[in-house]
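Line by line, the protein sequences are chains P and W. When we follow numbering that gives the first Met the number 0, the leftmost residue of the first sequence carries the number 0, and every step to the right adds one. When we follow numbering that gives the first Met the number 0, the leftmost residue of the second sequence carries the number 0, and every step to the right adds one. A virtual CB, placed ideally from N, CA and C, is assigned to each residue, including glycine. First the structure, in the form of structure tokens, and then the observations on it.
Protein chains: 2
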Amino acid sequence: MSSPIDQLKERLYEVNALNAASALMDWDQQCYMPRGAAEARAEQGAVLSKMAHEIFVSDETQAILEKAGSEVDPASEEGALVRVVKRDMDQRTKLPVELVTELSRHGAIGHEVWVEARAESDYSKFQPILEKTVDLTRQVADCLGYTDHPYDPVTDQFEEGATKKYWEDMFDTIRQPLVDLVAEIKASPDQPDDSFLTGSFQEADQRAFSMRLLEAIGFDLTRGRLDTAPHPFCTNFSVNDVRLTTRFKDYLPSAIFGTLHEAGHGMYEQNSPQGWDRTPLAGGVSLGWHESQSRTWENLIGRSKAFWQFFYADLQKTFPGLANKDLETFYRAVNKSEPSLIRVEADEVTYNLHIMVRFEMETGMLDGSIPVKDVPAVWNQKYEEYLGITPPDDARGCLQDVHWSGGLLGYFPTYSMGNILSYQVWNAMAQDLGDLHEMMSAGNFQPILDWLVAKVYSQGNRHLPQDLIRQVCGTGLDATPYITAIREKYREIYRLN
Amino acid sequence: MSSPIDQLKERLYEVNALNAASALMDWDQQCYMPRGAAEARAEQGAVLSKMAHEIFVSDETQAILEKAGSEVDPASEEGALVRVVKRDMDQRTKLPVELVTELSRHGAIGHEVWVEARAESDYSKFQPILEKTVDLTRQVADCLGYTDHPYDPVTDQFEEGATKKYWEDMFDTIRQPLVDLVAEIKASPDQPDDSFLTGSFQEADQRAFSMRLLEAIGFDLTRGRLDTAPHPFCTNFSVNDVRLTTRFKDYLPSAIFGTLHEAGHGMYEQNSPQGWDRTPLAGGVSLGWHESQSRTWENLIGRSKAFWQFFYADLQKTFPGLANKDLETFYRAVNKSEPSLIRVEADEVTYNLHIMVRFEMETGMLDGSIPVKDVPAVWNQKYEEYLGITPPDDARGCLQDVHWSGGLLGYFPTYSMGNILSYQVWNAMAQDLGDLHEMMSAGNFQPILDWLVAKVYSQGNRHLPQDLIRQVCGTGLDATPYITAIREKYREIYRLN
């Protein structure tokens, strides 16, 4: 008879096989599946999800987990595995099947309605969906339990340990400095021109350049791939099978920074310990941590001048239309910042202001201080306050994001945490490694990847997210490095000194 | 409480979801998967197969099947479903788990040894594997049960109702006529030249032309795809998700006829009734029937003069190197026939002789009349007798096929059945539709596809294979149409009259 921990692992391997199959089905659906296959795929996917859930929450698995928990050292790897599984079990068993089914049904219907409402820019169509999202989310909060605010257990699902208070402290540090910086940038007489980044860039050339980027930064193409999909994403079916997607558009930076962003997620996944593969210990520790790594490779590395000191000659050779644009012009163009209406197109400075709007609205909707019927008005007023612009319609306002249609309240702040944390980790790395810009301008990314692997990626899901921040950075989440760095970077770009 | 037949369908949908996921994993592995992912993929695949098997043979499923069987009309669709499931249940429950596991392990090891033995052309390495294949196959035969010959239940797994005697009758009709025709062809002073079919044909052009073929013949690309893989195959995850693969080589016919062959399999799958999707009633009725349809589209249609009367101008435009080759030259080149050593490269005339060798050897090995140690000698002697050539080594002789390494005895004759049956079905169609060549030369494939859908594809797996032959052709399996047609075709090509 095998030990309880081995029995637990066997169970987890079963659940993993089903989840990996579902993930492959999703990847295939977004990259290759013929459109006529959607219905059968949905049916088959539902069967696999149900089986995975039933095996996971079964009495047998719960009994094995209990036994394993009483035998392992909590400080050991196996102790960490038990902790992670217990948390997942706890969350899944607290939510009644009816509520989970209702959420899933609501997500499917809500998505359809949202697509229509956004297309017609008609908030009145979407309002009942959002009301139900809020109602169901309150039920989730009640089931999971909380002391201070219903937002706490809801956001904790995505970022373990986070609360409304935690995010408020984070946003309080960045709100005013960002609003001020946006205003400074807006007032600069020296605005970069990025019009030359839009044009006809051959897809094959974009793809070839993206592949060279991946190889150069250390994404392992023997254990991963790059495909194209309408919305870029990263998924994986094991530590050794990590799939990135990007898209090739008229706007050249789309493929380049999309690829680097997803590669950041991907390298995090690829570098979990092999022995943890197919268990919940493998993979990134939280959404905020994951985003910190996609942003590191996209922004701190990919949007740095040093990076392009190394790559710009290759880019110019690949796209001869760039021949008459010098490095400085290109660097300023890919870092252009201006208040815009759409979050997913926002730059490093304004992005977190978009998130802040959503966070403030989510907490308000959940505790009732912002009635759902007032969402468009409040949204527009906050955009005016933080970004100095007012959406001309709800399609470009409160209807722009998919999240609320599917019931995903509590998710947005992890994007900002990622941006902020990426700078903290970067500073810690610079203390250990010295001049990172010198390395990047020489195309030497290996020490950077090695450091991230040692400190973060190889830790997988072993530690609590906030413990890992302290372990890597020596402090808790702190927005100071982010604010300092982007102030410096953008003052130089906009020649504000 | 739902009816037993509905409960049965629910079970079958569960098994289907797991099998579809496994099939998608296989497709992905052959088309896209990074090589480093193999180990995790194998582990995950094993979990899904085990689950599918356990759900299928579970006491609950058996009880539901029993109940459903007692309630449905055997002549109804649901009766057919119960019959098909019962047959599968019967075969799976008759084989003890240990034997199935042993076969699976033997297949994995056997494949490795075969790859090595073939590379080194060393039969002594492969002999112990083949001995074990024969031994395990005898055990399978004993478990499944038989009256006349151990080959009977073994081949029945692949072609329901077939026996050694059934195949012998089939081969007896074609042996002498084929041997004679091969000799006639060999003696012709007017041999076609096909050297111009090998050269540098751009992959993108081959792909574009293949896609135009698929569209023209009626393969539904909204419910299917074409990808590339080292070995062409067709798989599907539902009636509405049929995946073909082909390969683009220096030898131009490889992609063209590979695509048409797989499209034949694919259109058979695509045209099962929608209501049968995700149940075992959907899909081709047997291996022989399936091969009859791939061969119909590859050979009777794709290698006809009429087909190229319609498509040759497009092909010449796509590959300007063909400009100085006229239609007749091209038609004769793609129908060149000559005794060769390798089955998978064989033409329409010689192909079945390759199969006959294998069939005679399989029955002999199984009943002990051909000792496994004598396989190379017997093989070479039969090639000399039927094809007039002797393999210079075992790599190009008895070590060429993958089948025997994995335990697949009893499978080969279904290839010949496909070739033979395709001509019977073709004659039946010509009686209904009139001049098929006129249709094809006008690019009018719709009536042909419609007829095949009505008579064959829409029947899915509802009837016994041999009943379907009688239903469609009015007789049992009969090689006369095949022999008559290829004699006529090749006498014209080789100018033997």
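Beta-carbon gap between residue i and residue j smaller than 9 Å
i: Ala-254 of chain P; j: Arg-206 of chain P; result: yes
i: Asp-366 of chain P; j: His-230 of chain P; result: no
i: Leu-196 of chain P; j: Ala-262 of chain P; result: no
i: Ala-228 of chain P; j: Gln-29 of chain P; result: yes
i: Ser-237 of chain W; j: Leu-225 of chain W; result: no
i: Tyr-382 of chain W; j: Gly-363 of chain W; result: no
i: Arg-490 of chain P; j: Glu-183 of chain P; result: yes
i: Met-266 of chain P; j: Asp-219 of chain P; result: yes
i: Ser-291 of chain W; j: Gly-282 of chain W; result: no
i: Leu-476 of chain P; j: Tyr-165 of chain P; result: yes
i: Thr-474 of chain P; j: Ile-482 of chain P; result: no
i: Leu-47 of chain W; j: Leu-94 of chain W; result: no
i: Thr-413 of chain P; j: Ser-285 of chain P; result: yes
Under 8 Å from the C-beta of residue i: neighbouring residues of chain P
i: Arg-277 of chain W; result: Ala-39, Glu-42, Gln-43
i: Val-452 of chain W; result: Within 8 Å Cβ-Cβ: nothing; Val-452 of chain W doesn't reach chain P, min ~16 Å.
i: Leu-448 of chain W; result: Residues of chain P passing the Cβ test: none, with the nearest at roughly 17 Å.
Chain W residues whose Cβ lies nearer than 9 Å to that of residue i
i: Arg-206 of chain P; result: In chain order: nothing, as chain W lies at least about 14 Å away.
i: Ala-107 of chain P; result: The contacting residues do not exist; Ala-107 of chain P stays about 18 Å from chain W at best.
Proximity test, Cβ basis, 9 Å: residue i and chain W
i: Tyr-31 of chain P; result: yes
i: Tyr-12 of chain P; result: yes
i: Leu-196 of chain P; result: no
i: Phe-232 of chain P; result: no
i: Phe-236 of chain P; result: yes
i: Asn-239 of chain P; result: yes
i: Gly-263 of chain P; result: no
i: Ser-209 of chain P; result: no
i: Leu-80 of chain P; result: no
i: Met-50 of chain P; result: yes
Whole-number beta carbon distance between residue j and residue i, since they are thought to touch under 8 Å
i: Gly-409 of chain P; j: Gln-156 of chain P; result: 6 Å
i: Met-32 of chain P; j: Arg-40 of chain P; result: 7 Å
i: Gly-223 of chain W; j: Gln-269 of chain W; result: 6 Å
i: Glu-361 of chain W; j: Phe-411 of chain W; result: 7 Å
i: Pro-338 of chain P; j: Ile-388 of chain P; result: 5 Å
i: Phe-329 of chain W; j: Met-439 of chain W; result: Going by Cβ atoms, the distance from Phe-329 of chain W to Met-439 of chain W rounds to 15 Å, so no, they are not a contact pair.
i: Gly-68 of chain P; j: Val-83 of chain P; result: Not quite, the Cβ-Cβ distance comes to about 12 Å (not below 8 Å), so this is no contact.
i: Arg-331 of chain W; j: Ile-492 of chain W; result: 5 Å
Below-9 Å beta-carbon distance, residue i vs any chain P residue
i: Gly-223 of chain W; result: yes
i: Gly-35 of chain W; result: yes
i: Asp-134 of chain W; result: no
i: Asp-226 of chain W; result: yes
Classification of residue i by the beta-carbon crowding that lies within 10 angstroms, buried from 16 upward
i: Pro-319 of chain P; result: exposed
i: Glu-487 of chain W; result: exposed
i: Ile-341 of chain W; result: exposed
i: Ala-62 of chain W; result: exposed
i: Gln-423 of chain W; result: buried
i: Ile-108 of chain W; result: exposed
i: Lys-8 of chain P; result: buried
i: Lys-163 of chain P; result: buried
i: His-436 of chain P; result: exposed
i: Pro-390 of chain P; result: buried
7 Å Cβ cut-off: residues of chain W touching residue i
i: Val-46 of chain P; result: Tyr-12, Glu-13, Ala-16
i: Met-19 of chain P; result: Reading off the sequence, residue 19 of chain P comes out as Ala, not Met. Near Ala-19 of chain P (Cβ distances below 7 Å), the residues of chain W are Gln-43.
Neighbouring residues, chain W, relative to residue i (Cβ below 8 Å)
i: Asp-27 of chain P; result: Leu-23, Asp-27
Beta-carbon neighbours of residue i, restricted to chain P and to distances below 9 Å
i: Leu-299 of chain W; result: Under the 9 Å cutoff, chain P gives no residues; its nearest Cβ is about 27 Å from Leu-299 of chain W.
Chain-ordered neighbours of residue i on chain A, where CB pairs are closer than 8 Å
i: Leu-220 of chain P; result: As a matter of chain content, chain A is missing from the structure shown, whose protein chains are P and W.
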